[in-house]
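Here the structure comes first, spelled out in structure tokens, and everything after it is commentary.
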Amino acid sequence: MINGRLLSWSKTLIIVAGITCLPLLSLNSNAQDYKSKYERDLHMQAFEYLELSDFESAQRNYSQLTELNPESWQYALEYGLAFLNAPVKKEKSIKYFEKAIKLSKLDTLPEVYYYLGRAYQLNHQFEKAIETYKTFEE
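Once you know that position 15 of the sequence shown is 967 in this note's numbering, the rest is easy, because the numbers rise by one and skip nothing.
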């Protein structure tokens, strides 16, 4: 019974942590340097889809955004979230989280490592998940 409660509590904690991190990302969306009004509007719409859990629509928009600005770590991160939170194709999130970490250099949000670890875990890459979670905890 205790293990069941602990498991339930840990799932609740993960959900709360995920919900808590989305507003942090939205604060950061204002920091994005847009090349055009079209890019800004597309990003705002993509992020809204992400917040509304319309992951398929978010993926379509982030696909366009990553073509418009392939050097944006923020687009890579949010595109990864659109795959990680979707019911299928979670494995696609890995390359976007890895890209976000590579592009962000010194100012990487620690949460990116959490999301990457989660993506590895869900795709049965347990050794990589453990190492990435350790990086997140540091």
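In this text, a Cβ means the ideal position worked out from N, Cα and C, and glycines have one as well. These figures come from a predicted structure and were not determined experimentally.
PRO1022 by DSSP, collapsed to three states: which one? As a working note, residue 1022 is residue 70 in the sequence shown. Reduced to three states, the DSSP call for PRO1022 is coil.
Within 8 Å, do at least three Cβ pairs link the region 995-1013 to the region 1022-1040? yes
What number of angstroms, rounded off, separates the C-alpha of GLU1008 from the C-alpha of LYS1054? For the purposes of this step, residue 1008 is taken as the residue at position 56 of the sequence shown. For the purposes of this step, residue 1054 is taken as the residue at position 102 of the sequence shown. Computed Cα separation, rounded: 25 Å.
Distance CB(LEU994)-CB(LEU1017) smaller than 7 Å: Position 42 of the sequence shown holds residue 994. Position 65 of the sequence shown holds residue 1017. Yes, the pair counts as a contact, with Cβ atoms nearer than the cut-off.
Using the C-alpha atoms, what's the distance from ALA1034 back to LEU976? As a working mapping, residue 976 is identified with position 24 in the sequence shown. As a working mapping, residue 1034 is identified with position 82 in the sequence shown. Per-residue confidence for LEU976 stands at a pLDDT of 44, beneath the threshold of 50, marking its modelled position as unreliable; the derived number appears in the next sentence. Going from the Cα of LEU976 to the Cα of ALA1034 covers about 16 Å.
Using only the alpha-carbon positions, how far apart do ASN1075 and LYS1047 sit? Taking the sequence shown and counting its residues from 1, one reaches residue 1075 at position 123. Taking the sequence shown and counting its residues from 1, one reaches residue 1047 at position 95. The alpha-carbon atoms of ASN1075 and LYS1047 are separated by roughly 12 Å.
Following the continuous alpha helix (DSSP H) through ALA998, name the residue where it begins and the one where it ends. Translated into positions along the sequence shown, residue 998 becomes position 46. Residues 989-1003.
Nearest-angstrom beta carbon gap, ALA1081 and GLY1069 [assumed within contact, 8 Å]: Position 117 of the sequence shown, counted from the start, is the residue given in the question as residue 1069. Position 129 of the sequence shown, counted from the start, is the residue given in the question as residue 1081. Their Cβ separation, rounded to whole angstroms, is 5 Å, which keeps GLY1069 and ALA1081 in contact under 8 Å.
Would PHE1078 be called buried (16 or more neighbouring beta carbons within 10 Å of its own) or exposed? Position 126 of the sequence shown, counted from the first residue, corresponds to residue 1078. PHE1078 comes out exposed.
Residue of TYR1085, ASP1006, PHE1088, GLN1073 minimising C-alpha distance to PRO1039: Stepping through the sequence shown from its first residue, residue 1039 is reached at position 87. When each option's Cα is compared against that of PRO1039, the closest is ASP1006.
Counted within 10 angstroms of its Cβ, other Cβ atoms place TYR990 as buried (16 or more) or exposed: Along the sequence shown, read from residue 1 onward, the residue named residue 990 stands at position 38. The residue in question, TYR990, is exposed, as its Cβ has fewer than 16 Cβ neighbours within 10 Å.
Going by other Cβ atoms of all chains shown within 10 Å of its Cβ, with 16 needed for buried, is SER988 buried or exposed? As a working note, residue 988 is residue 36 in the sequence shown. SER988 should be labelled exposed.
Neighbourhood of ASN1021 by C-beta, 8 Å cutoff - its chain only, sequence neighbours within 5 removed: Indexing the sequence shown from 1 puts residue 1021 at position 69. Taken in chain order, the residues that qualify are LYS987, GLU991, TYR1027.
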